[in-house]
Structure formats: structure tokens, C-alpha cells
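Novice: Numbering (numbering that gives the first Met the number 0), first residue to last: 0 to 424. Even for Gly, the Cβ is constructed at its ideal location relative to N, Cα and C. No experiment lies behind these values; they were computed from the predicted model shown.
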Amino acid sequence: MADAALRNALGAPACLYSDSSKAVITQHVTDLTQTMPQLHVRSRLYTHVDGSSAQLLVVEGTVPIVHSGHRYNFPVEIWLPEAYPSVPPIAYVVPVAGMMIKRQHSFVDASGTICSPYLASWRQHPGSCNLLDMVQDLCILFGNDPPLFSRPVEPPPSAMWPPAFWRTEPAQPPQLPPEPPKPAPPPPPPSPPPPPIVQPPPPSPAPKLEAAFRSAAAAQLTRRLQASLKGVVAQAQAQVDEQQSLHMLLQQRAEQLQGDVAEVQASQAALERLSLELTGCKQQLDSWLAEHEHKAASAEQLWAAEPGAAVIAADVLSQQALEVQAMDLALEDVLYALDKALLQGSGSPLQAEDYLKQVRSVCLRQFVLRVIGGKIAAQQQQKEGQRRSYPSDAARNQAGGGRPGPVVLPQGDSWSSAGMAARYG
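See below:
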């Protein structure tokens, strides 16, 4: 019957629920009505606080509570708004005749609107909330703090609890805190206090009911803990992922810094080796300067007196080669001057016959000098070949001793050689 009414309400043209939420609504309402058959679903007109009206589904009836070991049924209405299940349902406690709402109740205001912690947390986790868990949570809360009380009136002797607020089993009344009556001026004759509300005989124990509510409370607490743990685990996982990303970044930076440190250490070692080499070279240069500094002073004095004396040959052969070379170059200059004088033409004081005599004499002397220079060069090359079997001059200089080797000077130049070949060829 409930399923048919639910299908008719959801299939009506005026239905305001989205197609995606109809399956969820059907599941939630079916689970609730099957677990608590005293609740029924229907479609009614609901007026919002802003004055607008809408045709909504409402689950109405009574929910059982256990207070002080006794069971009572409280009338409630649970409206499903248009955006359900993304938003929580709207729940009311509906007092009937003879009942009143407890003032300053923890979860029910004066209009009967219910605002439990489960409903307050619905928007945060809409996917894990449902009507059955909400009603079971209300049963536990109302069992600890009932929101309804019987009015303090004088009922007839046969008065009973109102039809919508009764116990399913005969029981000694739990003496719910009645609303304190307003004091009235006593009449002149003393009157007895109002008789207490007549209650049925004491009930028999209901261990099965208590076990069922205990099981429902445990299931509700388990679901809450699971929802809370899911949030905690998700937050912890996000923190772990963030820390892992940070760890990987720090590890990459550490590897990069290690490579930079190794490169700096290699550069430092190379600089230290270069510093040692430069220190050795400086020591060699200092010792060479200490040994030859007096020679520089002597050379400066010679250069000031006679520039030619500043050039000192390495040995006798080099000195002879320098002298022969100087004489050869001087004769080259003489030949150049004779040629220039001859080319002046008829105005030149040098005649052709005189020119030939002078050239013949100069070339003869130059030929002799070049023969001598060739012999000197041959002897220098012979000594150079013998010296190759001994340490080089550079090695001797590094050891701090020795003089630079002799330099073989060329004899004449290509112009003079060609001239001699032309003259004596």
C-alpha cells in the first residue's frame, strides 16, 4: 500500500522532485516504512516559511521511544523538500490533544521543529544520510529527553493517555517531568491536590525492545563513526600525499645539491693543484731572478755604454756566427749602395768599370764569409746532435742551472744569393 502511494506521488505531474533523486527517495522511504510500519507516506501541500506552497511527500505517524524502561509513541511528521536528499528533511513533533511541547528542549523548538545533530550534519555528508538512521537517532534522543509532556489538568477517573501518545505494553508510568502548573490562589475551603494522571498497571519487562533499541543505537553510532572516520582518513590521505610530494621535491633538491657539492669539490681540488703548480713556478722564477738579476744590471750598463755589447753569445761558435753574419750583412749593404749609385744614370760618379771591380771584390769577401758561416753552422749542428742525449735546456733551467743553447744564424738572404748567382753564374 505504501509503495503504491509512493509511486503515485512521485509519478504525479505536479511532482517537484528530480528524476535522479526519485530512486533515492523511494529507497529511503521504503526502508523507513518497512522498519517502522506505524509510519505512512502521502503527498500533501506544504507551506514554507516564506509563504510559498509546494506539493511535497510527508512521512507521518508515530515513532517509538523508551524512557525509564517504558515505551511510548510520539507523533511526528517528516517532510521531504524539493532538493532532497541534497538537503535534510524537515521534521516536526506534532502534539495531539492533552500534550504540550517541553519548553527550551535541546532539539525541539516551541513550534515543534526538530533540529537534531544528525539533521545539522546532513548537508556535509548527504550521500551517507537517510531517513531510517535519522528516525532511529530521534528515538534515542527523545528517549533521553522526551519533548512531549501531558498537560497538568484534572482528567476524569477513567482518563488515559491520548490516542497518539500511548504505551504498547502496560507499564508503571515513568513519571515524565510534567509542565509545572501555574500557582493559583487557594480557595477559602482547603481543596485536595489534583489527582495524578491515571496510568495503566505496571508493564512487564521488555528486554526484546530494549535489545532492539540498543542494537539500533549501536548501528547508528557505528555509521556515524564510519562517516567521521572516512572524513578523517580522507584528510589524512591528502596530508600524506602532500607530504610525499614535498618529500620527493626535497629529495630531488638534495640530489641536485649533492651534484653541485661534488662539482665544487672537484673545482676546488683543481684550483689547489693549480695553486701548487703556480707556487712551484713562482719559486723557480724567484730563484732564476735571484741568480740572473745582477746580469740584468750589467746588461743595462753595457746597453747604456754600447748597445751592441748588450747581446752576448752563448758560446764561441755563436759569437763567431754573429760576427760573420754582421760582416755578411754589411757587405750586402755595400752591394745595395753600389747598385743604387750605378742606377743614377749619366750623372753618377760611378762608372761601369769601377762598379764591376768593386762588386767583384765585395762578392769575393762575402763568399769567404759565407763559407766560414757554413762551417760554423755545421759545427753547431754537430754539437746540437750530441746535446740531444743529455737533458734539455728547459730541464736544466727548471733545475736552476745552465745557459740557453746556441742559435744558428742564417748566412745572407735570398736577394744576395740570387745576385751572387747572377754575378758568378
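Can you tell me the Cα-Cα spacing of Pro88 and Leu79, whole angstroms?
Specialist: Between Pro88 and Leu79, the C-alpha separation is close to 5 Å.
Novice: With 16 as the cutoff for other CB atoms within 10 Å, does Thr46 come out buried or exposed?
Specialist: Burial call: exposed.
Novice: What does a CB cutoff of less than 6 Å around His104 pick up in its chain, not counting 5 residues either side in sequence?
Specialist: Hits under 6 Å: Pro146.
Novice: Determine whether the beta carbon atoms of Leu56 and Val40 lie at a separation below 8 Å.
Specialist: It is a contact, given that the beta carbons lie within the stated cut-off.
Novice: Have a look at the DSSP bridge pairing and note the partners of Asn72.
Specialist: The partner list for Asn72 (beta bridge, DSSP) reads Pro63.
Novice: Does the segment 6-22 come close enough to the segment 62-70 that 3 or more CB-CB pairs lie under 8 Å?
Specialist: With a cut-off of 8 Å, the segment 6-22 and the segment 62-70 do not count as touching, because too few Cβ pairs lie within range.
Novice: In its own chain, which residues sit with a C-beta less than 8 Å from the C-beta of Tyr335, not counting the 5 before and 5 after it?
Specialist: Closer than 8 Å at the Cβ level, and outside the excluded window around Tyr335, lies no residue.
Novice: With DSSP run on the structure shown, which of helix, strand or coil describes Arg272?
Specialist: In the structure shown, Arg272 sits in a helix (DSSP, three-state: H, G or I).
Novice: Grouping DSSP H, G and I as helix and E and B as strand, with all else coil, what is Ala53?
Specialist: Three-state DSSP puts Ala53 in a strand.
Novice: Nearest CA to the CA of Leu5: which residue from Val28, Ser17, Tyr16?
Specialist: Looking at the Cα atoms, Val28 is the closest of the given residues.
Novice: Exposed or buried, which one is Cys280 when buried takes at least 16 other CB atoms within 10 Å?
Specialist: Exposed: under 16 other Cβ atoms inside 10 Å.
Novice: To the nearest angstrom, report how far apart Trp287 and Asp314 are at their CA atoms.
Specialist: When rounded, the distance between both Cα atoms is 20 Å.
Novice: For the pair the segment 347-354 and the segment 311-331, tell me if three or more CB-CB distances fall below 8 Å.
Specialist: Touching, no, given that fewer than three Cβ pairs across the two stretches are closer than 8 Å.
Novice: Looking only at its own chain, which residues have a Cβ that is under 6 Å from the Cβ of Trp121, when we skip the five neighbours before and after it?
Specialist: Pro87, Cys128, listed in sequence order.
Novice: How about Ile113 and Tyr91: do their beta carbons lie closer than 8 Å?
Specialist: Closer than 8 Å, so yes.
Novice: According to DSSP, is Leu349 part of a helix, a strand, or is it coil?
Specialist: Note: Leu349 maps to coil in three-state DSSP.
Novice: What are the start and end residues of each continuous beta strand (DSSP E) run of 3 or more residues lying completely inside the segment 26-50, in chain order?
Specialist: Entirely contained in the segment 26-50, the beta strand (DSSP E) runs reaching 3 residues are, in chain order, 38-46.
Novice: Would you kindly work out how many angstroms separate the C-alpha atoms of Gly97 and Arg150, rounded to a whole number?
Specialist: Rounded to whole angstroms, Gly97 to Arg150 spans 5 Å at the Cα level.
Novice: So who's on the other strand from Val107, going by DSSP bridges?
Specialist: The partner list for Val107 (beta bridge, DSSP) reads Ile113.
Novice: Tell me which residue opens and which closes the alpha helix (DSSP H) that Ala329 is part of.
Specialist: That run of the alpha helix (DSSP H) goes 315-341.
Novice: Out of Tyr16, Ala53, Leu44, Ile64, which one is the CA nearest neighbour of Ala210?
Specialist: Ranking the options by Cα distance to Ala210, first place goes to Ile64.
Novice: To the nearest angstrom, how far is the alpha carbon of Gln33 from that of Ala235?
Specialist: Straight-line Cα distance between these residues: approximately 38 Å.
Novice: Give the DSSP bridge partners of Leu79, in chain order.
Specialist: Looking at the DSSP assignment, Leu79 forms a beta bridge with Leu56.
Novice: Could you say which of Val370, His291, Lys339, Glu59 lies nearest to Met326 if we only look at CA atoms?
Specialist: Checked all of Val370, His291, Lys339, Glu59; the closest Cα to Met326 is Val370.
Novice: Out of Ile139, Phe148, Asn7, Glu254, which one is the CA nearest neighbour of Arg43?
Specialist: Cα-wise, what sits closest to Arg43 is Asn7.
Novice: Could you check whether Ala312 and Gly372 sit closer than 8 Å to each other, using their CB atoms as the reference points?
Specialist: Their beta carbons are not under 8 Å apart, which means Gly372 does not touch Ala312 by this criterion.
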